[in-house]
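The C-terminal position of the sequence shown is numbered 233 in our numbering, with every residue numbered one higher than the one before it.
Think of the CB as a built atom: it goes at the ideal place given N, C-alpha and C, for glycine as much as any other residue.
Only one structure is covered here, and it is reproduced in the block below.
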Amino acid sequence: MRVYLLVDFGSTYTKVTAVDIDSETLVGTAQSPTTVETDISIGLNKALSALKNSFKFAETDICGRYASSSAAGGLKMVAIGLVPDLTLSAARLAALGAGAKVIGSYGFEIDKAIVDEIEKKQCDIIMLCGGTDGGNKDVILHNADMLSKSQINCPFLICGNRVVSETIRGMLEQAGKKVYVTNNVLPSVNEIDIEPAQNQIREIFIELRTN
Numbered sequence: 023m024r025v026y027l028l029v030d031f032g033s034t035y036t037k038v039t040a041v042d043i044d045s046e047t048l049v050g051t052a053q054s055p056t057t058v059e060t061d062i063s064i065g066l067n068k069a070l071s072a073l074k075n076s077f078k079f080a081e082t083d084i085c086g087r088y089a090s091s092s093a094a095g096g097l098k099m100v101a102i103g104l105v106p107d108l109t110l111s112a113a114r115l116a117a118l119g120a121g122a123k124v125i126g127s128y129g130f131e132i133d134k135a136i137v138d139e140i141e142k143k144q145c146d147i148i149m150l151c152g153g154t155d156g157g158n159k160d161v162i163l164h165n166a167d168m169l170s171k172s173q174i175n176c177p178f179l180i181c182g183n184r185v186v187s188e189t190i191r192g193m194l195e196q197a198g199k200k201v202y203v204t205n206n207v208l209p210s211v212n213e214i215d216i217e218p219a220q221n222q223i224r225e226i227f228i229e230l231r232t233n
């Protein structure tokens, strides 16, 4: 048996569904009140315990977990890119396709005032993109430098010009930031590649909500 756990954090209940992908059957479902006011993982763990107690499967049977949020708000994201109608559009598609709520988007070079504005938003993740692969790198490097000096402590997802992705990772990690790197959402002017970013957003969501 290979079981995947599917989690939905709702406004009222946290629901967990177990699916056996070998037999393509539903193992079972369980739910518990969502504990937004304290720690969301409390409600999740109660739902998981109820599921395991009612439907017998071992922890070792679990081979994957996916989470989403049907609650108002969900994962709050800020997208920062180069040209609004190109890079930022791709970033928004990636965010919304992964169940995130874009609460702010910024194009071109950001300044101290914008960084302060982003800090006040208290987002769950910042998507930093900009430039096609091998194209403009000055803007994303400038924005990474500005963000590295900020007090923002949410995870950063780098999905811009791959030529400087690892340089940006180093800049932000040296400043104590949590950093993830994935494919450029706009590798060329006529190509959008949002699936890797969507997958990474979902993984970050699970880490934030279950750790």
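- DSSP, reduced to helix, strand and coil, places Gly-86 within a strand of the structure shown.
- No residue range can be given for Lys-200, since it is assigned to no beta strand (DSSP E) and is classified by DSSP as neither H nor E.
- Annotation: the continuous alpha helix (DSSP H) that includes Ser-71 extends over 62-76.
- As the crow flies, the alpha-carbon of Asp-167 is around 8 Å from that of Leu-194.
- Going by DSSP, Ser-172 is part of no alpha helix (DSSP H) at all; its letter is neither H nor E.
- Between Gly-65 and Thr-36 a beta carbon distance of about 4 Å is seen, short of the 8 Å cut, so the two are scored as contacting.
- Asn-206 and Cys-181 have their C-alpha atoms spaced approximately 4 Å apart.
- Between Arg-24 and Arg-87, the alpha-carbon positions lie close to 12 Å from each other.
- The region 111-194 contains, as complete alpha helix (DSSP H) runs of 4+ residues, the segments 111-119, 134-143, 160-170 (chain order).
- In this structure, DSSP gives Glu-46 a state outside helix and strand, which the three-state scheme calls coil.
- Here the region 72-89 does not lie against the region 208-220, with fewer than 3 beta-carbon pairs under 8 Å apart.
- Counting only the Cα atoms, Ile-216 lies some 7 Å from Leu-115.
- Checking the DSSP bridge columns, you'll see Leu-208 has no partner listed.
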